[in-house]
Amino acid sequence: MADQYAEIARVIVEGDDTQAAKLVESAIAQGLPPLDILNKGVVAGINKAGELWAANKFFLPDVILAADAFKAAMSPLEPKIKATRGGQPTRKFVIGVVQGDMHDLGKSLVIAMLASVGFEVIDLGIDVPRDKFIEATRQHKPAILGLGAYMSTTMLEMKDIIAELKKQGLRDRLKVMVGGVPTSQEFADEVGADAWGKDAMVTMQKALGLVGGSHG
Numbered sequence: 001m002a003d004q005y006a007e008i009a010r011v012i013v014e015g016d017d018t019q020a021a022k023l024v025e026s027a028i029a030q031g032l033p034p035l036d037i038l039n040k041g042v043v044a045g046i047n048k049a050g051e052l053w054a055a056n057k058f059f060l061p062d063v064i065l066a067a068d069a070f071k072a073a074m075s076p077l078e079p080k081i082k083a084t085r086g087g088q089p090t091r092k093f094v095i096g097v098v099q100g101d102m103h104d105l106g107k108s109l110v111i112a113m114l115a116s117v118g119f120e121v122i123d124l125g126i127d128v129p130r131d132k133f134i135e136a137t138r139q140h141k142p143a144i145l146g147l148g149a150y151m152s153t154t155m156l157e158m159k160d161i162i163a164e165l166k167k168q169g170l171r172d173r174l175k176v177m178v179g180g181v182p183t184s185q186e187f188a189d190e191v192g193a194d195a196w197g198k199d200a201m202v203t204m205q206k207a208l209g210l211v212g213g214s215h216g
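Heads up: the sequence shown begins at 1 in our numbering, then just goes up one per residue.
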């Protein structure tokens with residue numbers, strides 16, 4: 001069983017999206033607990049990819065492939081995770097990388113962490129236009145909106161998104177988190193965000209704090 005989880009992690013690191021989806025489907029069919037598949041397989045894999053990227057052992061193409069494999073693995077898993085929550089109210093977290101920015105790995109790590117503690121994550125993807133964030137906020141009514149930027153040239157877009165939320169009368173209905181390599185607590189304060197996610201683990205912890213929740 002442990003080997004199966006390790007295998008899921010391995011193919012995510014290798015960026016094999018077809019195998020990632022197949023192995024997760026197989027684990028589900030065998031009756032393995034969805035949260036174990038998530039935490040011991042999928043999260044372990046995307047975390048390893050993140051470590052390799054941080055250590056300069058992974059390059060951008062590797063990161064993109066690992067993020068794609070992560071998404072392929074999550075596709076059959078997400079409905080099962082939702083089902084295990086039963087009638088528990090789900091806390092929605094809308095997340096996306098701002099317009100002009102194509103980096104996906106950090107967001108994938110955050111999604112994995114949030115899913116593991118019971119958030120329903122709506123992933124808007126990368127290079128997301130401002131109006132799409134506004135539209136998703138109206139449609140999904142999330143508890144939290146997460147804005148990611150991985151380049152200093154794109155991070156200022158976050159300020160405009162938060163300003164637009166205020167203009168549309170949506171800002172008071174939700175919490176806004178910002179994150180990504182060039183961001184900081186000072187930047188989060190400056191743009192009017194509720195919290196800054198230094199990394200995926202901190203983002204998860206702060207998100208739980210913002211909704212007054214715990215693991216569940």
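Think of the CB as a built atom: it goes at the ideal place given N, C-alpha and C, for glycine as much as any other residue.
Counting only the same chain and skipping the five closest in sequence on each side, list residues whose C-beta sits under 6 Å from that of residue i.
{"i": "A188", "result": "V178, W196"}
{"i": "D17", "result": "D68, A69, A72"}
{"i": "G216", "result": "With a pLDDT of 42 at G216, under the threshold of 50, the predicted position of this residue should be treated as unreliable, and no value is reported."}
{"i": "K198", "result": "none"}
{"i": "R91", "result": "F119, A143, V211"}
{"i": "L109", "result": "I46, G50, A200"}
So, for residue i: in the same chain, excluding its five sequence neighbours on each side, which residues have a beta-carbon less than 8 Å away from its beta-carbon?
{"i": "W53", "result": "D62, V63, L105"}
{"i": "K159", "result": "E190, V191, G192"}
{"i": "A21", "result": "A72, A73, S75, P76"}
{"i": "L210", "result": "A143, I144, K175, M177, D194, A195"}
{"i": "T153", "result": "G100"}
Look up residue i in the DSSP assignment and say whether it is helix, strand or coil.
{"i": "K222", "result": "Here the chain covers residues 1 to 216 and nothing more, so residue 222 does not appear."}
{"i": "K175", "result": "strand"}
{"i": "I134", "result": "helix"}
{"i": "A143", "result": "coil"}
{"i": "V98", "result": "strand"}
{"i": "G148", "result": "strand"}
{"i": "V128", "result": "strand"}
{"i": "M47", "result": "One detail in the question is off: residue 47 reads as Asn in this sequence, not Met. Here N47 sits in helix by DSSP."}
{"i": "L156", "result": "coil"}
{"i": "G15", "result": "coil"}
{"i": "H215", "result": "Because the pLDDT of H215 is 49, which lies under 50, any placement of that residue in the model is unreliable, and the question is left without a value."}
{"i": "G106", "result": "helix"}
{"i": "L184", "result": "Correcting the residue identity first, residue 184 is Ser in this sequence and not Leu. S184 falls in the coil class under three-state DSSP."}
{"i": "A83", "result": "helix"}
{"i": "L60", "result": "helix"}
Can you tell which of the options has the C-alpha that lies nearest to the C-alpha of residue i?
{"i": "K132", "options": "P34, D68, T183, I161", "result": "I161"}
{"i": "N39", "options": "S26, A73, K22, L60", "result": "A73"}
{"i": "L77", "options": "S26, V176, K48, G15", "result": "S26"}
{"i": "P129", "options": "I111, A44, Q99", "result": "Q99"}
{"i": "D36", "options": "K198, V117, V202, G125", "result": "V117"}
{"i": "K141", "options": "R171, A149, G125, E157", "result": "R171"}
{"i": "G15", "options": "Q4, M201, M102, F58", "result": "F58"}
{"i": "A136", "options": "G212, L165, G45", "result": "L165"}
{"i": "I126", "options": "G146, M102, Q139", "result": "M102"}
{"i": "V43", "options": "R173, A55, V24", "result": "V24"}
{"i": "V82", "options": "L124, D123, P34, R138", "result": "Here the sequence assigns Lys to residue 82, which means Val is not the residue at that position. With distances taken between Cα atoms, K82 lies closest to P34."}
Identify the residues that DSSP records as bridge partners of residue i: which are they?
{"i": "E292", "result": "One cannot answer for residue 292 here, as it falls past the ends of the chain, which runs 1 to 216."}
{"i": "G197", "result": "G179"}
Please list, in chain order, all residues of the same chain as residue i whose beta carbon is under 7 Å from its beta carbon, the five residues on each side excluded.
{"i": "Q168", "result": "I134"}
{"i": "L114", "result": "F93, V121, M204, A207"}
{"i": "Q185", "result": "W196"}
{"i": "G180", "result": "G106, G148, A149, Y150, M155"}
{"i": "I111", "result": "I95, V121, D123"}
Is the shortest distance between the beta-carbon of residue i and the beta-carbons of chain D less than 8 Å?
{"i": "G146", "result": "This model lacks chain D altogether; it includes just one protein chain."}
Taking only heavy atoms of the ligand MG into account, decide whether any of them is closer than 7 Å to the Cβ of residue i.
{"i": "L77", "result": "The model on display carries no ligand, and the ligand MG is accordingly not part of it."}
- request: Count the C-beta pairs between the stretch 17 to 34 and the stretch 95 to 110 that are closer than 8 Å, then say yes if the count reaches three, no if not.
  value: No, the stretch 17 to 34 does not touch the stretch 95 to 110.
>> Whether or not the stretch 4 to 24 and the stretch 66 to 75 are in contact is what I'm after, with contact meaning three or more pairs of Cβ atoms, one per stretch, closer than 8 Å; do they touch?
In response: Contact holds: three or more Cβ-Cβ distances are below 8 Å.
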